[in-house]
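Numbering of the sequence shown is given in my numbering, commencing with residue 55 and proceeding in unit increments.
In what follows, a single structure is set out as C-alpha cells and then discussed.
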Amino acid sequence: MKVCKTVGLVGAGGVNQSFVARMPALLGRLGPVKGSSLRVARRISNEFRAGEAIAGYADLKSCECIWISVPEEILDRVTGEIAREVCLRGKMVVVCGVLRDSPRIGPLRSAGAAVATLNCVPESGERVFVSEGQRAVLTELRKQLALDGRKLIELGPARKALYLSGIHIGAHLLIPWIAGAAESFRAAGLSRAEATRLVQALGTKALRSYGTAGERAWKQAESEAIARAIDAAMEVIRSVDPWLAALHLEGAGVLQGLARKRRSPARAARLPAKLVARKAS
C-alpha cells in the first residue's frame, strides 16, 4: 500500500496528547517536526521518539504531506505562516482535530495545497475517524489509517457542521433531558441509583427503537397522547419544580414538531426517491 514517503508535522498546544501521538505507521515516516520554538519541536520529537526538530517552516519543503495539530485559536496564524514560507503547490495537508471544515482553512488552499481535516470519532477508542476535504488527501488518509487497522469515514462536502451537530446533540444537548427524567423520578421518591438505572434502561430502549425503526419510532398519535398526559400533570410538576415543567413543555413541543416534520411535503421533496418510497410503504 503506497503512502507518502515523507511526512512533516507542525504541532502545538499539547500535540503529544492528541491522536497523532498514537499513530505508529505515521510516526514511522515522520521527518521534520516544527513547534512554536526549536526547544518545543525537540520536546515533541523526543516524546514521539520520531522525527527531527526544525527551527523554521522552510524545512518542510521536502515533505509530500504535512500534518498540522494545533489549537483552533492559532490555526489561522499557523496556516498563514506555512503558506508564506513553504511552497505548497502539489503538497497534501492534514489538519487534525479542528471544528472548521477544509474550505475555511483559506491560506493553505490558496497556496495550492490539497487540504483535508481529520477528527477522531468519540467513544471509538481512536479506531474510527472522520475526514472531509480534497480527494487526494482523503485517499492518502484512508491508506494511512488502514496501516494501523483504523477506519476512515468520509463526510460529504460542506457536511462537517452536520456531523458536529450530531456530536453536540448526542453528547451534550441530551444532558438536560436525562437530568430532567432523573430529577422527576427522584422527586417521585426513587433513590438516585434507582432513578439513574431507570433512565438508562428507558434511554437504551428508545435508542434501540430508533435503531430499528428510524423516525418511525415516534408516531403522531403517541406524540399527542404524551402531550395530553403532560398537560394533565403540569400543575403538579410546576408546583414541584418550574424547571421540570418548562422542560416537559419544550419536550412535548419538540416531539410534535418532529411528527409534523415527517409529514412535510417540502422535506419529502429533498429526500432521495428510494427513501421516500420506503417511508410511504
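All C-beta atoms in this analysis are idealised placements derived from N, C-alpha and C, irrespective of residue type, glycine included.
Buried versus exposed call for residue i [16 or more other C-beta atoms within 10 Å across all chains shown]
i    : result
G166 : exposed
S185 : buried
T171 : buried
D202 : exposed
A327 : Because the pLDDT of A327 is 49, which lies under 50, any placement of that residue in the model is unreliable, and the question is left without a value.
G85  : buried
G65  : buried
L325 : Any reading at L325 must be qualified, since the residue scores a pLDDT of 49, below 50, and its modelled position is unreliable; no value is offered.
A249 : buried
A215 : exposed
T133 : buried
G210 : exposed
R189 : exposed
D113 : buried
N173 : buried
Within 7 angstroms, strictly: CB atoms of residue i and residue j
i    : j    : result
K88  : I108 : yes
V175 : S156 : no
I291 : L301 : no
L206 : L199 : yes
S123 : V74  : yes
A255 : S263 : no
L336 : A137 : Any property of residue 336 remains undetermined from this structure, which presents the chain solely from 55 to 335.
E194 : M146 : yes
T60  : E139 : no
G67  : P125 : yes
L80  : F102 : no
A241 : V294 : yes
S277 : L228 : no
A260 : A281 : no
Q181 : R196 : Reading off the sequence, residue 181 comes out as Arg, not Gln. The answer is no: Cβ separation not under 7 angstroms.
Residue interval of the beta strand (DSSP E) (run including residue i)
i    : result
T171 : A168 to C174
A107 : E106 to I108
G62  : V61 to G65
Terminal residues of the alpha helix (DSSP H) in which residue i lies
i    : result
V149 : Premise fails: V149 lies in the beta strand (DSSP E), M146 to C150, not in any alpha helix (DSSP H).
G160 : G160 to S164
Three-state secondary structure assigned by DSSP to residue i
i    : result
K328 : Only weak support is given to the placement of K328: the predicted model assigns it a pLDDT of 46, under 50, and the value that follows is read from those uncertain coordinates. If DSSP states are grouped into helix, strand and coil, K328 belongs with the helices.
R154 : coil
K333 : Legend: pLDDT at K333 = 47, less than 50; position of this residue unreliable, value from coordinates given subsequently. Of the three classes helix, strand and coil, the one that applies to K333 here is helix, per DSSP.
Could you name each continuous alpha helix (DSSP H) segment of 4 residues or more that falls completely within the segment 184-255, going from the start of the chain to the end? 189-200, 214-222 and 229-242
Kindly provide the ranges of any beta strand (DSSP E) runs that are 3 or more residues long and lie completely inside the segment 105-140, ordered along the chain. 106-108 and 119-123
Please list the segments of the beta strand (DSSP E) lying wholly inside the segment 68-101, counting only runs of 3 or more residues, in order along the chain. 84-88
Contained alpha helix (DSSP H) runs [length at least 4] in the segment 255-322, N- to C-terminal order: 274-294 and 296-316
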